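A quick write-up on the structure given underneath.
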Amino acid sequence: MKKKQELCLLPVLVVACLVSIMGGSPLPSPILIGPEKAYLNSKVVFQCRSPGSPPPNTYELLKDGNHLVATSNDLQDDQSATFFLKISVTSEGSYHCRVTAGGNMGLSGTVRLQVVIPVSGTMVTSDPDPPILYEGLRLTLTCDVTKGSHLSYTWFYNRQEVTSSPTSPLTPLLLWPVGNTLVVERVTTKHAGNYSCIAGTRMQTNSRFSSSREITVRVKAYLSVPQISFTISKEGSSYRGNVTCRSSRGTPPVTFYLFLDDKEVGSDVATESLVAWFPVAMVPGRDMGAVRCTVESDAQRLTSRPLTLVVVPVGGSPKVDVEYLYRVDSKMVAARLQCLLSLGTFPFFSWSLNGFPLLHPSEGDSSHPSHALADGGRTLFLTEITLEDSGYYRCRARDSYDVTSAWVESQPVLVRVTEVATTTIEVMAIVFCCFLMLTLAGGVACVMRMLNRQRDIVASSEQRARAANERRFSEHFCIIPDPLSLSDITTRSGVKQVDTSCVDSDVENQTLEITI
431 MKKKQELCLL PVLVVACLVS IMGGSPLPSP ILIGPEKAYL NSKVVFQCRS
481 PGSPPPNTYE LLKDGNHLVA TSNDLQDDQS ATFFLKISVT SEGSYHCRVT
531 AGGNMGLSGT VRLQVVIPVS GTMVTSDPDP PILYEGLRLT LTCDVTKGSH
581 LSYTWFYNRQ EVTSSPTSPL TPLLLWPVGN TLVVERVTTK HAGNYSCIAG
631 TRMQTNSRFS SSREITVRVK AYLSVPQISF TISKEGSSYR GNVTCRSSRG
681 TPPVTFYLFL DDKEVGSDVA TESLVAWFPV AMVPGRDMGA VRCTVESDAQ
731 RLTSRPLTLV VVPVGGSPKV DVEYLYRVDS KMVAARLQCL LSLGTFPFFS
781 WSLNGFPLLH PSEGDSSHPS HALADGGRTL FLTEITLEDS GYYRCRARDS
831 YDVTSAWVES QPVLVRVTEV ATTTIEVMAI VFCCFLMLTL AGGVACVMRM
881 LNRQRDIVAS SEQRARAANE RRFSEHFCII PDPLSLSDIT TRSGVKQVDT
931 SCVDSDVENQ TLEITI
């Protein structure tokens, strides 16, 4: 077939060569105008213009090089031709226009046409399916269509558009769409919600879109270790206990099991909460055994610590412990009174001031607005201490589950407004400065005393050295206190002997002669 087409084009090439040899000139390049995208089964228009071409002109619309699609003749100097095409699957390709006039030929540029299949049947699929998964697992959502091409996708989470903008309110969720997929590597409970997508083709005119239904993603939280507790109540002359099993974290539905001395005695399915209650037999003062509760989901099974079912009746002698609270400036602002009870698992407390009871919150509003109870009535706070609040306080207690039980009462404790014997910061600063000055003065006095003592020691040493030098000098030389007078000189033979007792032994036999 290809060889036949080449043989058909051979005469055309021969004619073109002859025209060129005879001196013919080529036509100006024609202009082809047509769409770049078109919907399947739609109609489009291609227009070929060849300005400056004298009639008659022959216009040919070619596809993918040399495939002739349509032909049009211009006999009235219109210098253009219009081609109407119905788009099919095979219509996609490259189109150009060829114009022939008076033996001359011109070729236009290429127009690339893409066939677009309209989108329909958009839906969101998930992995895992159904979209129910635990924290930390991977979630993949895909925007699928029944048919469509040249599509773009937009994702929505709880009807908010998911974008890659850093200012988007959904950025902390790390939702990054890639093509027709939305992947969350490690889901958290914040990723739970409704997801949807829109698939569409954007055209210069007549863009088409198809939206999916919302798909609900559920993210389950892992369970926490259950906590176990119990209460007791009196029904007529008998008592009944109520054991509570509770998990602070997790996603229902879950199943709770109760074990008494390692034997299962009850179970309950919690569909909307994470708590279950189990009735048990109770007798005050008797050990009823050890209970444990277990919580189970489709991924976990956790057991609580054991709890001994023992109810100790209230007894012993309560004691009131008082603690005063002060401000920075050492002014008393409040007092805390605690009722210390030695025996009692479920006590009910009551307080009195100077013999007048202070109402419990369960009994009505207190007549003293400055009083506040805490820790189940065990602690009494005096938020304002005035003369009216000063006095003797008592606490008493009984079993909370039995209104007929006996009260035990403490001794009265005096609470009154007192000024604490502490100093302010200013006084402490003054005292510290005075102490510092005294320390400096004492230090200076000690230094002066040490210097004076050192000076005395030096002077004494100099005196002792001078006296020693004088003694050594007197041992070698005779000191004549007064000069000799003429009357003291005797002229026997013209010589007078002088006392030489002070002269050293090596010269004691010598005489001193004085000649006048």
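Residue 431 is where the sequence shown starts when you use this note's numbering, and the numbers rise one by one after that.
No residue lacks a Cβ here, since even glycine has one placed at the ideal position from N, Cα and C.
All of these numbers come straight from a predicted model, not from anything done at the bench.
- If one requires a minimum length of 3 residues, the beta strand (DSSP E) runs lying completely within the region 660-739 are 668-676, 684-690, 693-700, 705-711, 720-726, 731-733, in chain order.
- The beta carbon of Y489 is closer than 6 angstroms to those of C478, S502, A511, V529 in its chain, skipping five residues each way along the sequence.
- In this structure, the straight-line span from the alpha carbon of L470 to that of K577 is close to 12 angstroms.
- CA-CA distance, V741 to G719, rounds to 11 angstroms.
- In the structure shown, the three-state DSSP call for N882 is helix.
- Here N899 is exposed. Its C-beta has fewer than 16 other C-beta atoms within 10 Å.
- In this structure, F778 lies away from C825, with their beta-carbon atoms at least 8 angstroms apart.
- Within the same chain, W606 come within 7 angstroms of S594 by CB-CB distance, once the 5 residues on both sides are set aside.
- Just measuring C-alpha positions, the residue of V845, C864, M858, L773 sitting nearest R828 is L773.
- Around the C-beta of R722, 16 or more other C-beta atoms lie within 10 Å, and the residue is accordingly described as buried.
- Of the other Cβ atoms in all chains shown, fewer than 16 fall within 10 Å of the Cβ of A836; this residue is therefore exposed.
- Along the region 573-645, the beta strand (DSSP E) occurs as fully enclosed runs of 3 or more residues at 582-587, 590-592, 606-608, 611-614, 623-631, 638-641, listed in sequence order.
- Taking N784 as reference, the option from L817, G807, T775 with the minimal CA-CA separation is L817.
- Assignment of G523 by DSSP, reduced to helix, strand and coil, places it in the strand class.
- For W837, no beta strand (DSSP E) run applies, since DSSP gives it neither H nor E.
- G464 and P548 have their alpha carbons spaced roughly 20 angstroms apart.
- Taking a 10 Å sphere around the C-beta of Q509, we find 16 or more other C-beta atoms and assign the residue as buried.
- The beta carbon of G630 sits closer than 7 angstroms to those of V549, L581, S582, S637, R638, F639, S640, all from its chain and outside the five residues before and after it, given in chain order.
- When A468, K467, E466, S480 are compared, the shortest CA-CA separation from L457 is found for S480.
- One thing to note: Q768 has its Cβ within 8 angstroms of the Cβ of T809.
- In the three-state reduction of the DSSP assignment, F862 falls in the helix class, which pools H, G and I.
- Between S697 and F686, the C-beta gap is smaller than 8 angstroms, which places the two residues in contact.
- Residue pairing by DSSP places S510 opposite R479 in a beta bridge.
- Straight-line measurement puts the Cα of R735 at about 13 angstroms from the Cα of T674.
- When Cβ pairs closer than 8 angstroms are counted between the two stretches, the region 563-574 is seen not to touch the region 494-501, the count staying below three.
- DSSP places S890 in the helix class (H, G or I) of the three-state scheme.
- With the rule of 3 Cβ pairs closer than 8 angstroms, the region 607-626 counts as touching the region 639-656.
- Straight across, the Cα-Cα distance linking T813 with V843 is about 18 angstroms.
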